[in-house]
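Note that my numbering numbers the sequence shown so that position 308 is 311, with each residue one more than the last.
From the three backbone atoms N, C-alpha and C, an ideal C-beta is built for every residue, glycine too.
See structure below.
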Amino acid sequence: MVLDYSILRLAAWALLSLFAIGVSLTVAAELGAASLWPALNANESQRRVLTEQSAAVTAGNLAWLAALVALLFFGWPSVYAAVFSSFQALLPFLLIPLALRPFALYVRSSLPTDWLEKWDRGLFLGALLPTFLLGVMIGNLIKGLPFHLQSDMRIALLGNLGGLFNPFSMLVGAVATTAATSLGALQLQLSGDTEISARAKALALPLGLSFLSLFALTGLWITHLEGYHVTTDIAPLGPSNPLSKFVRRGDGLWLDNYEHEPALIAIPALVFIAGIAMLICSSRDKAYWGSLAAAVAMAMLVLTAGVSLFPFLAPSNMSLNSSLTVWDASASETALHALLIFGGILFPLMAISSRWR
Numbered sequence: 004m005v006l007d008y009s010i011l012r013l014a015a016w017a018l019l020s021l022f023a024i025g026v027s028l029t030v031a032a033e034l035g036a037a038s039l040w041p042a043l044n045a046n047e048s049q050r051r052v053l054t055e056q057s058a059a060v061t062a063g064n065l066a067w068l069a070a071l072v073a074l075l076f077f078g079w080p081s082v083y084a085a086v087f088s089s090f091q092a093l094l095p096f097l098l099i100p101l102a103l104r105p106f107a108l109y110v111r112s113s114l115p116t117d118w119l120e121k122w123d124r125g126l127f128l129g130a131l132l133p134t135f136l137l138g139v140m141i142g143n144l145i146k147g148l149p150f151h152l153q154s155d156m157r158i159a160l161l162g163n164l165g166g167l168f169n170p171f172s173m174l175v176g177a178v179a180t181t182a183a184t185s186l187g188a189l190q191l192q193l194s195g196d197t198e199i200s201a202r203a204k205a206l207a208l209p210l211g212l213s214f215l216s217l218f219a220l221t222g223l224w225i226t227h228l229e230g231y232h233v234t235t236d237i238a239p240l241g242p243s244n245p246l247s248k249f250v251r252r253g254d255g256l257w258l259d260n261y262e263h264e265p266a267l268i269a270i271p272a273l274v275f276i277a278g279i280a281m282l283i284c285s286s287r288d289k290a291y292w293g294s295l296a297a298a299v300a301m302a303m304l305v306l307t308a309g310v311s312l313f314p315f316l317a318p319s320n321m322s323l324n325s326s327l328t329v330w331d332a333s334a335s336e337t338a339l340h341a342l343l344i345f346g347g348i349l350f351p352l353m354a355i356s357s358r359w360r
């Protein structure tokens, strides 16, 4: 079946969203649980079990992140270039801990006793820092990235590392961290160890309340945050040329999609509903259902970001018309067809593999 260009672009965006959810439910969840290890006051035997459990899944989980990056590269190469160029100063602090994590977990059991405490601190920081930085990156996507497209489509960067750590992006980083640790706490509550389960239960309530409170605060901020809007007619079937449109910026424009399609409000609403259900289930020792509710909250959190930004993938706060969208920055029809076939096969296989592990 041959799909027209607009359907291909929209389907590829939906596939990108699914893989982003996959990353949040695997990579972020494992990092969130690992970020709680110091608060569990676990003995050496319990720590060994926790690290073995993480070691069994962390390498496979990183495949989700690799697939997401590959999908972005092949589906929207200019977006890939703009995003990775804008965050090039942050990426080492994100990718190096993630790349070293499987090795660090596997070798922990063979280390001498006097190394273990320092090694565990490194594992903790290697989990907490990437989680926070992923949120900071999402926050900067919402605010806009400091790049400019030249007439020959080369990307000129106009920002610096300090500008990425602005109050709003750090708030989104805190939302991502509390969301991941909330999901991690529910998964730890499912552990067979009674002591670990009880301590994780005690952590779930404050973490969950912090997550919902910070998410609400972010929503209030966005109502006054400068958003982006395409003022010219969108051509879903047109060629990819980001400079062929005009974009304006104004307070509250990220709410446009919810005003045009009120049913979309159900997505952020489900974050609160699932988050409250998570807390209730956790307090009643129904950790399995609480973990499912936490997963739904995390998935809806990712969708909230995606739907709010749509059709933008990488808005530019330095050159508004250089902003990259789903419609004007995609790869060719042939490439998107191949991407959908490959991604459509890969996603269920990875989902089944992750569930089996």
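query, result
"Considering only the beta carbon of each residue, do residue 176 and residue 138 sit closer than 8 Å?", "yes"
"With distance defined between alpha-carbon atoms, name the residue in 211, 47 and 134 nearest to residue 29.", "134"
"Per the contact definition of three or more C-beta pairs closer than 8 Å, is the segment 180-191 in contact with the segment 204-211?", "yes"
"Skipping 5 residues on each side, what residues in its chain have a beta carbon closer than 8 Å to that of residue 361?", "In the structure as shown, the chain begins at 4 and stops at 360. Residue 361 is therefore absent and cannot be evaluated."
"Tell me which same chain residues have a C-beta within less than 7 Å of the C-beta of residue 221, skipping the five on either side of it?", "174, 175 and 178"
"Alpha carbons only, please: which of 277, 272, 234 and 230 is nearest the one belonging to residue 258?", "230"
"Excluding sequence positions up to five away, which residues of its chain have a Cβ less than 7 Å from the Cβ of residue 243?", "331, 332 and 333"
"With the cut-off set at 8 Å, would you say residue 63 and residue 183 are in Cβ contact?", "no"
"Along the chain, where does the alpha helix (DSSP H) containing residue 167 start, and where does it finish?", "164-167"
"What's the gap between the Cα of residue 104 and the Cα of residue 288?", "31 Å"
"Using 10 angstroms around the beta-carbon of residue 163, count the other beta-carbons present and answer buried if the total reaches 16, otherwise exposed.", "exposed"
"Jot down the residue ranges of each uninterrupted alpha helix (DSSP H) in the segment 211-295, minimum 4 residues, whole runs only, in chain order.", "259-263 and 269-286"
"So what does DSSP say about residue 6, is it helix, strand or coil?", "coil"
"Given a cut-off of 8 Å on the beta-carbon distance, is the pair residue 246 and residue 18 in contact?", "no"
"Tell me the rounded alpha-carbon separation between residue 86 and residue 92.", "11 Å"
"Rounded to the nearest angstrom, what separates residue 307 and residue 270 at their Cα positions?", "6 Å"
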